[in-house]
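J.: Heads up: the protein sequence lines correspond to chains A and B, in order.
Counting with this note's numbering, you get residues 1 to 577 for the letters of the first sequence.
Counting with this note's numbering, you get residues 578 to 1154 for the letters of the second sequence.
C-beta atoms are modelled at their ideal positions from N, C-alpha and C, and glycine is treated no differently.
2 protein chains.
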Amino acid sequence: MAVTRSGPRVNFAAPRGFAKTFKSKLKETLFPDDPFGGFRNEKPARKSFKTLQYFVPVFEWFPKYNFSKFKFDLLAGITITSLAIPQGISYAKLANLPPIIGLYSSFIPPIIYAVFGSSKHLAVGTVAACSLLIAESIGEKVNVKENPDLYLHLIFTATFFTGIFQTGLGFLRLGILVDFLSHSTITGFMNGTAVIICLQQMKGMLGLKHFTSKTDVVHVLKAILHNRKEVGELKRGINPLSLKYLNFDPEYLPVTIKAGVVTGLVAMAEGIAIARSFAIMKNEQIDGNKEMVAFGFMNILGSFTSCYLTTGPFSKTAVNFNSGCKSQMSNFVMAICMMLVLLFLAPIFKYTPLVVLSAIIMSAMIGLINYNEIIHLFKVDKFDFCICMAACLGVSFLTMETGLILSVGLAMLRALLYVARPATCKLGKIPNSELYRDTEQYPDATGVSGILALQIGSPIYFANSNYIRERTLRWIRDEESLSDSKSNTVEHVLLDLSGATAIDMTGIETLMEIRRILTARDIKFGIVNPRIEVMDKLALAHLVDIIGKDSVYLSIDEAVEACRFSLETAKQDDAAS
Amino acid sequence: MAVTRSGPRVNFAAPRGFAKTFKSKLKETLFPDDPFGGFRNEKPARKSFKTLQYFVPVFEWFPKYNFSKFKFDLLAGITITSLAIPQGISYAKLANLPPIIGLYSSFIPPIIYAVFGSSKHLAVGTVAACSLLIAESIGEKVNVKENPDLYLHLIFTATFFTGIFQTGLGFLRLGILVDFLSHSTITGFMNGTAVIICLQQMKGMLGLKHFTSKTDVVHVLKAILHNRKEVGELKRGINPLSLKYLNFDPEYLPVTIKAGVVTGLVAMAEGIAIARSFAIMKNEQIDGNKEMVAFGFMNILGSFTSCYLTTGPFSKTAVNFNSGCKSQMSNFVMAICMMLVLLFLAPIFKYTPLVVLSAIIMSAMIGLINYNEIIHLFKVDKFDFCICMAACLGVSFLTMETGLILSVGLAMLRALLYVARPATCKLGKIPNSELYRDTEQYPDATGVSGILALQIGSPIYFANSNYIRERTLRWIRDEESLSDSKSNTVEHVLLDLSGATAIDMTGIETLMEIRRILTARDIKFGIVNPRIEVMDKLALAHLVDIIGKDSVYLSIDEAVEACRFSLETAKQDDAAS
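In structure tokens, the structure reads:
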């Protein structure tokens, strides 16, 4: 009954060594963008200069910088400064901070970003959502009205922890964490925050004095209905040092660390997403890990110099981009302009009316509300819509943190369901071709009776191995219930592993078990096209020896032909006997 | 430049409705074994009887039961009773409970299992690891020596919560939770527990009196080195009611619920795994969710009748199987024998020497220590080895719970890494065939210069979409750095989506983004063989309209041929101009 096969064969070469696969996996996990790939073969001196350029991008772009670029950056820098002043004041008010802190935050951080940042278009500044989030987190512990100094110091401390967290993640190349904030979560979070901030601005627009510090819709609407101008003083002078104010009192440590980490994560996700979007428009690339380090330095040094959390806000970056900025220099120009403002003009802004500030914030926020995106989500993917609404409604009606956690939790649940219940399908041959495809998708694809070809599209491992076994057995039951006569029972089961990118010990045991069950029922078991990662493991676990090299095929077509041959031989044997 | 293609085409039919896909996904998630599939087309009366049979298996097997089967079950039942008595007493001592509780636990629960259980071979009883785990959890809160009654009552309460938890999971069809305890975790946990229990038994073997209640290696060895016989009284009579002892005092609620849930999960995983292993040997099937409900009822009713946590222990089940049991009746026989023992013979077992009990436990435990399995894990899969060792060393040197959490955490981390960093590969054509395979795995497979075919083997979604974009761009960079002359730049990128079982909104955005980046570089983008779930989403998101139906191919071979044609046309155009 041995089938002789010609043509290309499965590669049964010895498995790759552990060191090799481990190194390659580690590299894929932490350096997916292969940052040093470009200068691997350079001379040592050049290599170390390139490495320095990689870590401190100013060394890369400044030597090529010229006056014609500077003209554009000067214009862009002045333009974003004119936006940075009212925005800085407004957002500082959102965070319940003295307005001058908002201006300070547009002086030191942009300088740092100009040195360490890798995006040409990102304009650094404070953002509305994170201002609100940090105020809510710290406000839970310390009442800003009763103890404004402590509140301010804790905000600096939280910013410090944000910086440490972001720098740490960047150095550890853990950009992967940001990947777990999905598009739908961000959409929902932004919409929910925009609604809340707009409602809060009713305070300024309507000239209300007594207001709620709560951030959910119900509380804010209540406060608007039940109630009917102060502008903080702006002192001349650049950022005073705030290093001595950092408060590491164990009583406040949990709340500052938590606030720092949560806002840091959100700020980072927002900043990196924005930097990426603009880079893509110009067909450039952004290294998320490098951006994290730059954001981290910004926030650490910012917390030493009376700044609070900064990242890359959408509105400022869009204005920077549209003003034609050519490099990180525009951030430096903004910093210089802001320094001049702080030294000479700050007191003027004392007279900015609250109504104007509120109007600025509201117009920015209304731009963030995006019904169409949510409707699009509903049409294309109901689960994504739920993830988005969990963030949006959670932020609106509960707290910002609850909304985020709910939404990320749902997204993770979905990720785990993908891995625990991978799609499997029955393959059939498309007429007039050698292609085997899903019979549900291609209804005219037909199988050979007696041969059941199944495709598994997922790593096979502990989280789904029980499911894969049950599902395989059910496919066999279904196939047998379809056929009416006894002669049509399944005699060969072929598992197409093309889509199985990995396998673990539990997965290997499961394949062995499936084979054992099938053998007990006189069904032959074959596997088709195992990928390199799977083949390595199967060889190490001696599974290939157990099921036999003759039962490992390179393509479904080849496997079906081989099985059909053995079916016919068996029939002839039957007929002969 | 339009390419006319003949032969089979991609199915661009309208996407399946939401209701249909949702129903099918829900079914796959909760009913992967399709339990009602067998009698979907029966008459109503027959259908409801079949459903009753499904939920209460005794109605299925008892009508077919006969005396010849009973002979085997009687023998098996008597045999396992002789094992149940010393084991019950020993394990009750492990849990710091009066020995009689161990005997009670082999009376009521087996009767319940005989009615609701679906495994023919599982023998019900207490297990060593869970006895120790529950003692450790409750012992943290209440000292058994100072307050033995409260301790006992809390154990009953924890057992009650185990029952509620297991029944709930079973009814909600959440067998999926058990899937997250991997083979490696269980191996490590069992080995670690066996070591700890053996060490603890030194107490009995060496006749020590003062001992430690801690369960880690260091404490136990210290206690053995620093120290150098009591047997509890066994009263005649069957289980007294313990319903009134259930303690729902809010002070103890967190600890009893936690103990109940953690031991319930471990007991369930162990019991179901064992039932499955033996069913497989006989080529039968076990429904995990049904087993959970049976275990849950066992523990709820057990907690009302002075029993503590029971499940399907390995040793007892193995003996039951080898004694030739034919049905769940052997559990019923054991219950009757145990009733007779409780009514008439209990006081005799007062004189069982501690040394004998310790020896029984140790011999069972030494059988569980499995070096070969751990060595095998090390050889085949280093990450699985780490998961196993985390459980083994965690249980041995820290606490049982810490060990479990560490190990499950590592396993989940791996699961998330699988989804966050899916394997991608470059495809090449195997000589003398139409097959495209990984060029790393099949080094003689070659591509067509100018056409880059990539395979993605994973759902494309938020957790990996950034990675997939970066990786795709890196493949293009690598490909371009390989070719020396300018003419060899990549002109076509083909993404083989055969292995992508699903896509979400973030994934769709990523594909759009990749296309946008490639278009900006004058590279054409095509996708190959999207599966039905992906095709539905792509159609709903209008991605197919955007990239054009001509850029969606059914097979890599077809796609490459089409691209090659356009490459040649372009060259001819160049030559002509």
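State the beta-bridge partners of Tyr245/A as determined by DSSP.
T.: Here the question's residue 245/A lines up with position 245 in the first sequence. In the DSSP output, where bridge partners are listed per residue, Tyr245/A has none listed.
J.: Whose C-beta lies closer than 6 angstroms to the C-beta of Ala912/B among residues of the same chain, with five residues either side of it excluded?
T.: Taking the first residue of the second sequence as 1, we reach residue 912/B at position 335. The residues are Phe684, Pro687, Ile688.
J.: Please state if the CB of Tyr252/A and the CB of Lys145/A are separated by a distance shorter than 8 angstroms.
T.: Against the first sequence, residue 145/A aligns to sequence position 145. Against the first sequence, residue 252/A aligns to sequence position 252. Their beta carbons are not under 8 angstroms apart, which means Lys145/A does not touch Tyr252/A by this criterion.
J.: Give every residue of the same chain whose Cβ lies closer than 6 angstroms to the Cβ of Ser137/A, excluding the five residues on either side of it in the sequence, and list them in chain order.
T.: Within the first sequence, residue 137/A is the residue found at index 137, counting from 1. Closer than 6 angstroms at Cβ, skipping near neighbours: Ala259.
J.: Distance check for Met338/A and Thr81/A, CA to CA, integer angstroms please.
T.: As a position in the first sequence, residue 81/A is number 81, starting the count at 1. As a position in the first sequence, residue 338/A is number 338, starting the count at 1. One C-alpha to the other measures close to 7 angstroms.
J.: How long is the line joining the alpha carbons of Ala267/A and Gly665/B, rounded to whole angstroms?
T.: The residue you call residue 267/A lines up with position 267 of the first sequence. The residue you call residue 665/B lines up with position 88 of the second sequence. The alpha-carbon atoms of Ala267/A and Gly665/B are separated by roughly 58 angstroms.
J.: So, helix, strand or coil for Ile286/A, using DSSP?
T.: On the first sequence, position 286 is the one that residue 286/A refers to. Looking at Ile286/A - three-state DSSP - the assignment turns out to be coil, as it is neither helix nor strand.
J.: For Leu518/A, does the count of other Cβ atoms within 10 angstroms reach 16, so buried, or fall short, so exposed?
T.: Here the question's residue 518/A lines up with position 518 in the first sequence. Label assigned to Leu518/A: buried.
J.: Is the shortest distance between the beta-carbon of Ala596/B and the beta-carbons of chain A less than 8 angstroms?
T.: Against the second sequence, residue 596/B aligns to sequence position 19. Not closer than 8 angstroms to any Cβ of chain A, the Cβ of Ala596/B fails to qualify, so no.
J.: Is the distance from the Cβ of Leu410/A to the Cβ of Cys386/A below 8 angstroms?
T.: As a position in the first sequence, residue 410/A is number 410, starting the count at 1. As a position in the first sequence, residue 386/A is number 386, starting the count at 1. It is a contact, given that the beta carbons lie within the stated cut-off.
J.: Can you say whether Glu270/A is buried or exposed, counting buried as having 16 or more other CB atoms within 10 angstroms of its CB?
T.: Residue numbering aside, residue 270/A sits at position 270 when the first sequence is read from its first letter. Answer is buried; the Cβ neighbour count reaches 16.
J.: Name, please, each residue of chain A whose Cβ falls closer than 8 angstroms to the Cβ of Tyr995/B.
T.: In the second sequence, the residue the question calls residue 995/B occupies position 418. Within 8 angstroms Cβ-Cβ: Val419, Pro459, Tyr461, Thr501, Ala502.
J.: For Gln778/B, which residues from the same chain have a beta carbon less than 6 angstroms from its beta carbon, with the 5 sequence-adjacent residues on both sides left out?
T.: Numbered from 1 along the second sequence, position 201 holds the residue referred to as residue 778/B. The answer, listed in chain order, is Ser935, Ile938, Met939.
J.: State the start and end residues of the unbroken alpha helix (DSSP H) segment that holds Ile527/A.
T.: The residue labelled residue 527/A in the question sits at position 527 within the first sequence. First-last for Ile527/A: 524-528, but that is the beta strand (DSSP E), not the alpha helix (DSSP H).
J.: Are Ala346/A and Leu152/A close, meaning C-beta to C-beta below 8 angstroms?
T.: In the first sequence, residue 346/A corresponds to position 346, counting from 1. In the first sequence, residue 152/A corresponds to position 152, counting from 1. In this structure, Leu152/A does not lie closer than 8 angstroms to Ala346/A by Cβ.
J.: Within a Cβ cutoff of 8 angstroms, which residues of the same chain sit near Met989/B, ignoring the five residues on either side of it in sequence?
T.: The residue labelled residue 989/B in the question sits at position 412 within the second sequence. Phe757, listed in sequence order.
J.: Which residues mark the beginning and the end of the beta strand (DSSP E) in which Ala453/A is found?
T.: Residue numbering aside, residue 453/A sits at position 453 when the first sequence is read from its first letter. Segment 451-456, the beta strand (DSSP E) holding Ala453/A.
J.: In three-state DSSP terms, what is His1119/B?
T.: Counted from its first residue, the second sequence places residue 1119/B at position 542. In this structure, His1119/B counts as coil in the three-state DSSP scheme.
J.: Hey, could you find the ends of the alpha helix (DSSP H) Leu1095/B is sitting in?
T.: Within the second sequence, residue 1095/B is the residue found at index 518, counting from 1. From DSSP, the alpha helix (DSSP H) with Leu1095/B extends over 1082-1097.
J.: Checking the sheet assignment: what are the DSSP bridge partners for Arg46/A?
T.: By one-based count along the first sequence, residue 46/A stands at place 46. In the DSSP output, where bridge partners are listed per residue, Arg46/A has none listed.
J.: What does the alpha-carbon distance come out to for the pair Lys959/B and Arg421/A?
T.: Within the second sequence, residue 959/B is the residue found at index 382, counting from 1. Within the first sequence, residue 421/A is the residue found at index 421, counting from 1. Going by the C-alpha atoms only, they are around 25 angstroms apart.
J.: For Ala596/B, which residues from the same chain have a beta carbon less than 8 angstroms from its beta carbon, with the 5 sequence-adjacent residues on both sides left out?
T.: Mapped onto the second sequence, residue 596/B falls at position 19. Taken in chain order, the list of residues that qualify is empty.
J.: Can you give me the C-alpha to C-alpha distance between Asn432/A and Leu749/B, rounded to a whole angstrom?
T.: Here residue 432/A corresponds to residue number 432 of the first sequence, with the count starting at 1. Here residue 749/B corresponds to residue number 172 of the second sequence, with the count starting at 1. Near 46 angstroms, if we compare the C-alpha coordinates of Leu749/B and Asn432/A.
J.: Can you find the residues in the same chain that come closer than 6 angstroms, C-beta to C-beta, to Asp496/A, ignoring five residues on each side of it along the sequence?
T.: What you label residue 496/A is simply residue 496 of the first sequence in a count that begins at 1. Gln455, Val528, Ile556.
J.: Any Cβ of chain B within less than 8 angstroms of the Cβ of Leu132/A?
T.: Along the first sequence, one-based indexing puts residue 132/A at 132. Not closer than 8 angstroms to any Cβ of chain B, the Cβ of Leu132/A fails to qualify, so no.
J.: Please work out which residues of its chain come closer than 6 angstroms, Cβ to Cβ, to Asn768/B, disregarding the five sequence neighbours upstream and downstream, and give them in chain order.
T.: Taking the second sequence and counting its residues from 1, one reaches residue 768/B at position 191. These residues qualify, in order along the chain: Ile946, Cys969.
J.: Can you give me the Cβ contacts of Phe72/A inside the same chain, cut-off strictly under 7 angstroms, excluding the 5 residues immediately before and after it?
T.: Position 72 of the first sequence, counted from the first residue, corresponds to residue 72/A. If we look at Phe72/A and ignore the five residues flanking it on each side, its Cβ neighbours are Gly324, Cys325, Lys326.
J.: I think Ala691/B touches Gln905/B, with their Cβ atoms under 8 angstroms apart; what is that distance to the nearest whole Å?
T.: As a working note, residue 691/B is residue 114 in the second sequence. As a working note, residue 905/B is residue 328 in the second sequence. Rounded, the Cβ-Cβ distance is 4 angstroms, consistent with contact.
J.: Please list the partners that Asn988/B has in chain A, where partner means a Cβ-to-Cβ separation under 7 angstroms.
T.: Here residue 988/B refers to the residue found at position 411 when the second sequence is read from its first residue. Rather than Asn, the amino acid found at residue 988/B in this sequence is Ala. The answer, in chain order, is Phe462.
J.: So, is the C-beta of Asp958/B closer than 8 angstroms to a C-beta in chain A?
T.: For the purposes of this step, residue 958/B is taken as residue 381 along the second sequence, with counting starting at 1. Yes, Asp958/B counts as interfacial toward chain A.
J.: Starting from Cys914/B, trace the alpha helix (DSSP H) in both directions and tell me its first and last residue.
T.: On the second sequence, residue 914/B is found 337 positions in, with the first residue counted as 1. Start and end: 906-917.
J.: Using DSSP bridges, identify the partner residues of Leu427/A.
T.: As a first step, residue 427/A must be located in the first sequence, where it is residue number 427. Leu427/A pairs with Asp438/A.
J.: Just confirm the distance between the C-beta atoms of Phe693/B and Ala895/B, as a whole number of angstroms; I'd bet it's less than 8 angstroms.
T.: What you label residue 693/B is simply residue 116 of the second sequence in a count that begins at 1. What you label residue 895/B is simply residue 318 of the second sequence in a count that begins at 1. Going by Cβ atoms, the distance from Phe693/B to Ala895/B rounds to 22 angstroms, so no, they are not a contact pair.
J.: Helix, strand or coil: how does DSSP classify His492/A here?
T.: Position 492 of the first sequence, counted from the start, is the residue given in the question as residue 492/A. Three-state result, His492/A: strand.
J.: Counting C-beta neighbours from all protein chains within 10 Å, is the total for Arg236/A 16 or more, i.e. buried, or is it exposed?
T.: Taking the first residue of the first sequence as 1, we reach residue 236/A at position 236. Counting Cβ neighbours within 10 Å, Arg236/A comes out exposed, since fewer than 16 surround it.
J.: Which ranges does the alpha helix (DSSP H) cover as unbroken runs of at least 4 residues, wholly within the region 357-390 of chain A, from first to last along the chain?
T.: If we require 4 residues or more, the alpha helix (DSSP H) runs fully inside the region 357-390 of chain A come out as 371-380.
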